[in-house]
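Counting from 91, one number per residue, gives the positions in the sequence shown under the working numbering.
Here's the structure, in structure tokens; my notes come after.
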Amino acid sequence: MNERAVIAERSARQEFASLVSIIEVPLLNENYWAKLPGVAADGIMLDLEDSVTPAAKHAARGRASEVLGDMPYFGGRRVIVRCNNLGSPWGREDLEALGTVAADILISYPKVESREELDEVARILEAAGHPHRLHVMIETARALIELDRIASHPAVVGLHFGYVDLAADIGSRPFDENGEMSALTQAYARSKIATAAAAYGLFVSGGSLIPEYKNVAKVRAHVKSWADLGYTACIAVSPAHLPIVNELMRPTAAEAERARRIVTAYDEATAQGDPAAVLDGKVITLPDYKVAALTLDRAPKNAEKAERA
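Structure (structure tokens):
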């Protein structure tokens, strides 16, 4: 088995590298469902939490069970379900229902605060029959303090930075006077979450929500900042944001081609017993190879994806 295969086997970051754009879908909005097959997203997030009123929680859970019985409708894209937190009146029943789903889905668990809480989430899912893997949302001050223990939990494959919720929990301002994410109040959390994800081999997502969400230039700058920080995915709050996410969160054609050359050169060199390769007069080592392999996994795999981006 070559080096790249070994890396992919042990890293959720590699496994979910092509999960770049995620669209959040309100479960009880039929207009969204009619448009879903044509949406240019790598992942579909079904929401049982923020977009569902307390009176509609039971109906939304039933709708989730119904649509998850028809996985072909999602067109082979990754399906993520955001449940309610165990501290709410609906979290346990959400998890028990999702644990009966045999299809391969991710559970997006919001407002996590401790590793012990994740232990309980995993127990509920396992008892229901299907211990799905977790994409956990870092949205509280306690979660930020406990991040190392949360990120290292064996059920966790991804992290998400819930920047608006975290600011509300701390009492800080998520955006500055220009309506852009505040570097003063958010930089530490953004960097810490990105670093923890890289350290534990997890994929990591931000979001496209800003106050002026229809201002294309500001949305572009906001999305680009996630990519610049090392985030691997972005949850779009509007389908109009998806082309921006697909463009800015994926490697360019030139970056993908350069990565392809690095991978080829390194594979050929190590096959001959050399510890490193030389490409265009520069030494290519294992860290360079790992970065290039991840870049290739994040690049569009075919013409259809290239057109979407």
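Quick reminder that beta carbons are idealized off the backbone N, C-alpha and C, glycines included.
Since the model is a prediction, treat every value here as computed from it, not as a measurement.
Q: Can you tell me which of the three DSSP states F164 falls into?
A: What you label residue 164 is simply residue 74 of the sequence shown in a count that begins at 1. In this structure, F164 counts as helix in the three-state DSSP scheme.
**Q.** Pick from G166, Y163 and G181 that is closest to D137, judged by C-alpha positions
**A.** In the sequence shown, residue 137 corresponds to position 47, counting from 1. Closest option to D137, Cα to Cα, is G181.
Q. Tell me which same chain residues have a C-beta within less than 7 Å of the C-beta of Y356, skipping the five on either side of it?
A. The residue given as residue 356 occupies position 266 in the sequence shown. Cβ within range, chain order: A367, I374 and Y379.
Q) By DSSP, does I134 sit in helix, in strand, or in coil? A) As a first step, residue 134 is located in the sequence shown; it is residue number 44 there, counting from the start. I134: strand per DSSP, three-state reduction.
Q: Return the first residue and the last residue of the beta strand (DSSP E) that G297 is part of.
A: For this step, residue 297 is matched to residue 207 along the sequence shown. First-last of the beta strand (DSSP E) with G297: F293 to G297.
Q | Under 8 Å between C-beta atoms of A241 and A286 | A | Start at 1 with the first residue of the sequence shown, and residue 241 comes out as number 151. Start at 1 with the first residue of the sequence shown, and residue 286 comes out as number 196. Closer than 8 Å, so yes.
Q. Taking three-plus beta-carbon pairs below 8 Å as touching, is the region 343-352 in contact with the region 381-388?
A. yes
Q | Contacts around L117, its chain only, beta-carbon distance under 8 Å, and the 5 residues preceding and following it disregarded | A | Residue numbering aside, residue 117 sits at position 27 when the sequence shown is read from its first letter. So the list reads L136, D137, L138, S141, V142, A150, R153, A154 and V157, once near-sequence residues are dropped.
Q) Does the distance from the C-beta atom of P264 to that of E229 stay below 8 Å? A) Position 174 of the sequence shown, counted from the first residue, corresponds to residue 264. Position 139 of the sequence shown, counted from the first residue, corresponds to residue 229. No, Cβ-Cβ distance for P264 and E229 is not below 8 Å.
Q: Check the C-beta distance from V327 over to E114 and give it rounded, since I have them as a contact under 8 Å.
A: Position 237 of the sequence shown, counted from the start, is the residue given in the question as residue 327. Position 24 of the sequence shown, counted from the start, is the residue given in the question as residue 114. The Cβ separation is near 6 Å, so the contact holds.
Q.
Please classify S90 as buried or exposed, where buried requires at least 16 other C-beta atoms within 10 Å of its C-beta.
A. Nothing about residue 90 can be reported from this structure: the residues present for the chain run from 91 to 399 only.
Q: Could you check if N174 is buried or exposed, using at least 16 other CB atoms within 10 Å of its CB as the buried criterion?
A: Here residue 174 refers to the residue found at position 84 when the sequence shown is read from its first residue. Under this definition N174 is a buried residue.
Q) Considering only the beta carbon of each residue, do S298 and V309 sit closer than 8 Å? A) As a first step, residue 298 must be located in the sequence shown, where it is residue number 208. As a first step, residue 309 must be located in the sequence shown, where it is residue number 219. Yes, they are a contact pair.
Q: Compare the C-beta of L292 with all C-beta atoms of chain D and state if any pair is closer than 8 Å.
A: Among the chains in the structure shown there is no chain D, since it carries only a single protein chain.
(Q) Taking the alpha-carbon of D160 as reference, which of A212, A192, E183 and H312 has the nearest alpha-carbon? (A) Your numbering for residue 160 matches position 70 in the sequence shown. If we check each option's Cα against that of D160, A192 comes out closest.
Q: Give the straight-line distance between the Cα atoms of P365 and R350, rounded to the nearest whole angstrom.
A: Position 275 of the sequence shown, counting from 1, holds the residue named residue 365. Position 260 of the sequence shown, counting from 1, holds the residue named residue 350. Cα to Cα, P365 sits roughly 18 Å from R350.
Q: Put A401 into one of helix, strand or coil per three-state DSSP.
A: Residue 401 is absent from the structure shown; the chain starts at 91 and stops at 399.
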